[in-house]
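Q: Got a structure for you, written out below as structure tokens; questions coming shortly.
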Amino acid sequence: MGKIMEIAFRNLFRNSKRSLLTVFITMLAVTCLVYGNSYLDGMFNNILSESIKFSGHVRLASLDYDIKERLMSLSGNVPEYDTLKASILKYRQLRSKIKTITGRLKFGAVIFKGQDISKEGLGYGIEPPDITILNFKNITYQGRIIDFNARDEIMVGRQMADSLNLDVGDEVALLSRTLYNSPYVLNFRVVGLFDMQNSQLNKTFYISLANAQYLLDMEGRVSEVLIFGKTIDNTDSIMKDLKKIKETDGYQLKTWGEIGMGPVFRVIIMIVSLIIRGIFLVLAGLGIANTMLMAILERRNEIGLLKSMGMREKEITALFTFEGVFLGLVGTLLGLAAGAWGAYQLATAGLKIGSSLEGIPFTISNVIYGTYNAQIFINASLLGLGAAFVSSLLPSISGAKLNPTEALRKE
Amino acid sequence: MTRIKTLLLPGFILLLGITGFSNAALTAEEIIRQVDFNQSPNSAIYDAKMIIRQKDRTDTKELRLMGVGTEKSYVIFLSPERDKGTAMLRLGDNLWMYYPSAEKTMKLSGNMLRQGFMGSDFSYADSTERLKLLEKYDATLLDSEILDNRPAYVLDLKAKDPNANYFQRKLWVDQEWLLIVKQEMYARSGKMLKLQTATDIIKIGNRYYPTKVHMEDKLKKNTYTEMIFTNIKLDGPVPESTFTLQNLEKRKILQ
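These protein sequences, in sequence, are chains A and B. Under the numbering used here, the first residue of the first sequence is numbered -3, with each subsequent residue one higher. Under the numbering used here, the first residue of the second sequence is numbered 1295, with each subsequent residue one higher.
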């Protein structure tokens, strides 16, 4: 077998152009696999982490919240939020799994700058833990985070701020309808501008939960209670425990995977990503198979000669397969190197997707950061080498079966 | 001559007997003209208690309204504490609200005018309109009905002005008072949007005026609003300076 490997290795240099082409195609396919996997995994993680910021691991809301939320109606809400939160944390079993519980008030409002400039937007009343959950420390590009004890502070998203020409220190008026449909206006001072890297989320604004409750005449009420487990793996267990306790009776409980249109689109994205990965794999496989087939057709007389000299079919198959695998190995290594460079750039600098995914029913950042871990390299290596092996083995088997006299005559 | 009178009198009496009421022979246009007369005084000042019922919650808001003609209205809320001082000025199709919580005047327009007035079943347009129906609608007399033991004309009104608040209205007009005692407001699709009834009618000068109006927004469930009017003064003097943006912010209240 060692001898056959040696011959196979030497054969690589007999037609260097063909070998280079095979190496190049394999390299290209593996590079695409590494980069593509990094991008797709990054996009998955992005969707997952972004959607969890707004859904929690488990969300508690009123039974009709899904419809009311779409209609921007405040009537689907959770009353006596503080009592409910305290009673959930009373259960030791739940307390050990829960990291944070936060209540949010989601409301539509018109922001006025002066008398005439106004813009409609989505507002959130938030609690202090949301500063960490929503990563405000990193996304605030001007000014600071709201003081939860102040009565008049607001943080505004980049797009909203740009359209109203807002700066830190500006005074705005929020006009909204209360829970009882009466209009109410309060003045706020812009203390911070943030960029959530998503055009929809950048049209939103944030005030403290207490101020939102006052504005909307919803003392003690929240739109939704978001429960964050210590890890995402706690989700199902927390859900199970919450369903058991009497305090959650009459409320809707949903895990992050069940909220909105997310579940359907996650399946679609998974299918799309499988198709993309499949295309890369087929590209690599066809590239290698094509060059191997060419090699075998070119070298039919050589096969005939080797067979007439007593070389067995198995050995001929091994010879050509080794050739393919060697080429695949070189191509894979080069592809891993090129892919590693690309994936590193993607993981550090990210890829701006602009507004191409606007309108999809889940939140995704405008900048996708790729993943950069051993798994994507292992996957690409296995796929690259596997494709090289299979696509060189099959033509090798058919080549090895050629009748030696026929093979020699035709040449 | 005496002979002629003798001949004509029984015929006249007979005619009265057939028609029953002096208003019975009115055309749709004449009925609406009289309705317009009753509901569009030259000026009006009154206090109102607005009782808003939403599911199991009742809110009561007190307000004072001043209006001149069909184009100018000024409303100020006197209670509850949260709404106290909130004022509204309507000049034609323009409507401004002053919110004391933010010390700001804001102009309402378009869709906002059709929204519930301070959380009630009345829209902003409903609450301030003292429109002349004949100017905005074509009326057809459909029938006569007995409503709350009183005869009423039933009229169908279709908007001829695209800016009319409702595409169609069905009115029940009391045959004696010539005042709308019930009306249904419809969208172009034929869907009923509002149902309004007026009761406790009083006569002020030569106009009949309701002191209690009940409104149901049919697009909402389990809600209604009742307006109870007191201290009604019609056709009296109201200073022009009431209907200015400066006054809206000063919130001067006429006694």
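Ideal Cβ placement from N, Cα and C applies to all residues, glycine included.
Measure the alpha-carbon distance for A/Leu323 versus A/Thr344 and round it to whole angstroms.
A: So the alpha carbons of these two residues sit roughly 31 Å apart.
Q: Indicate whether A/Ala57 and A/Glu220 have their beta-carbon atoms separated by less than 8 Å.
A: The answer is yes: Cβ separation under 8 Å.
Q: Determine, using beta carbons only, whether B/Asp1468 and B/Lys1488 come nearer to each other than 8 Å.
A: No; because the gap between Cβ atoms is not below 8 Å, this pair is not in contact.
Q: Between which two residues does the beta strand (DSSP E) harbouring A/Arg88 extend?
A: No beta strand (DSSP E) holds A/Arg88; the alpha helix (DSSP H) holding it covers Arg88 to Arg91.
Q: First and last residue of the beta strand (DSSP E) that includes A/Ser204?
A: Segment Phe201 to Ser204, the beta strand (DSSP E) holding A/Ser204.
Q: Report, in whole angstroms, the separation of the C-beta atoms of B/Ser1535 and B/Lys1426, which I expect to be a contact under 8 Å.
A: Not quite, the Cβ-Cβ distance comes to about 25 Å (not below 8 Å), so this is no contact.
Q: Quick one: is B/Lys1544 buried, meaning 16 or more other Cβ sit within 10 Å of its Cβ, or exposed?
A: When all chains shown are included, B/Lys1544 counts as exposed.
Q: Report whether the distance from the Cβ of A/Leu329 to the nearest heavy atom of the ligand ADP is below 7 Å.
A: In the structure on display, the ligand ADP does not appear, and there are no ligands present to speak of.
Q: Can you tell me whether B/Ala1458 is buried or exposed, with buried defined as 16 or more other CB within 10 angstroms of its CB?
A: Classification of B/Ala1458: buried, given that the 10 Å Cβ count is 16 or more.
Q: Take A/Phe5 and list the residues in its own chain whose beta-carbon comes closer than 7 Å to its own, dropping the five residues that flank it on each side.
A: Correct list, in chain order: Phe322.
Q: Tell me the start and end of each unbroken beta strand (DSSP E) in the segment 1391 to 1462 of chain B that is at least 3 residues and wholly inside, in chain order.
A: Correct list: 1398 to 1402, 1431 to 1441 and 1444 to 1453.
Q: What residues are listed by DSSP as bridge partners for B/Ala1381?
A: According to DSSP, B/Ala1381 bridges with B/Ile1370 and B/Tyr1392.
Q: Does DSSP classify A/Ser176 as helix, strand or coil?
A: The sequence shown places Tyr at residue 176 of chain A, rather than the Ser named in the question. In the structure shown, A/Tyr176 sits in coil (DSSP, three-state: anything other than H, G, I, E or B).
Q: Does the CB of B/Asp1377 have a neighbour CB from chain A at under 8 Å?
A: Yes, B/Asp1377 counts as interfacial toward chain A.
Q: Answer with yes or no whether the minimum CB distance from A/Thr79 to chain B is below 8 Å.
A: For A/Thr79, the answer is no, since every Cβ of chain B falls outside 8 Å of its Cβ.
Q: Considering just the uninterrupted stretch of the alpha helix (DSSP H) at A/Ala82, what are its terminal residues?
A: Residues Tyr77 to Leu85.
Q: Buried or exposed for B/Trp1466, going by 16 or more other Cβ atoms inside 10 Å?
A: Burial call: buried.
Q: Can you look up B/Gly1490 in the DSSP assignment and give me helix, strand or coil?
A: A small correction: the amino acid at residue 1490 of chain B is Gln; Gly does not occupy that position in the sequence shown. Residue state, collapsed to three classes: strand.
Q: Using a cut-off of 8 Å between C-beta atoms, extract the partners of A/Thr174 located in chain B.
A: Simply Gly1413.
Q: In this structure, how does DSSP classify B/Thr1321 when only helix, strand and coil are distinguished?
A: Three-state result, B/Thr1321: coil.
Q: List, in chain order, every chain B residue whose beta-carbon is nearer than 7 Å to that of A/Ala169.
A: Chain B residues near A/Ala169: Ala1396 and Lys1398.
Q: What residues match up with B/Ser1337 in a beta bridge as DSSP calls it?
A: According to DSSP, which records beta bridges pairwise, B/Ser1337 is partnered with B/Val1362.
Q: How is the alpha helix (DSSP H) around A/Tyr247 delimited, first residue to last?
A: Premise fails: A/Tyr247 lies in the beta strand (DSSP E), Tyr247 to Thr251, not in any alpha helix (DSSP H).
Q: Does the Cβ of A/Gly380 have 16 or more other Cβ atoms within 10 Å, making it buried, or fewer, making it exposed?
A: So A/Gly380 ends up on the buried side.
Q: Against chain A, does B/Met1344 count as a neighbour if the rule is that its beta carbon must be under 8 Å from one of theirs?
A: Chain A, which has no Cβ nearer than 8 Å to the Cβ of B/Met1344, makes this no.
Q: Quick one: Cα of B/His1508 to Cα of B/Ser1438, how far?
A: About 22 Å.
Q: From B/Gly1314 to B/Leu1436, what distance separates their C-alpha atoms?
A: Here B/Gly1314 scores only 38 on pLDDT, less than 50, and its place in the model is too uncertain to base an answer on.
Q: Does the Cβ-Cβ distance between B/Gly1499 and B/Leu1473 come in under 8 Å?
A: No. Outside cutoff.
Q: Using a Cβ-Cβ distance under 8 Å, would A/Val363 count as near chain B?
A: No, its Cβ sits nowhere closer than 8 Å to a Cβ of chain B.
Q: Report the neighbours of A/Phe108 on chain B: residues whose CB is nearer than 8 Å to its CB, in chain order.
A: Simply Lys1398 and Met1400.
Q: At which residue ranges does the segment 108 to 155 of chain A contain complete alpha helix (DSSP H) runs of 4 or more residues, listed in the order of the chain?
A: 125 to 129 and 132 to 135, all fully within the segment 108 to 155 of chain A.
Q: Determine the burial state of A/Ser172: buried for a count of at least 16 other Cβ atoms within 10 Å of its Cβ, exposed for fewer.
A: Classification for A/Ser172: buried.
Q: Can you grab the Cα-Cα spacing for the pair A/Gln111 / A/Phe144, in whole Å?
A: Rounded to the nearest angstrom, the two C-alpha atoms are 27 Å apart.
Q: Can you tell me the Cα-Cα spacing of B/Gly1530 and A/Tyr120, whole angstroms?
A: Each residue's alpha carbon lies about 49 Å from the other.
Q: May I ask you to report which of helix, strand or coil DSSP gives A/Phe20?
A: Three-state result, A/Phe20: helix.
Q: Quick one: what's A/Glu65 bridged to in DSSP?
A: Its beta-bridge partners do not exist; DSSP assigns none.
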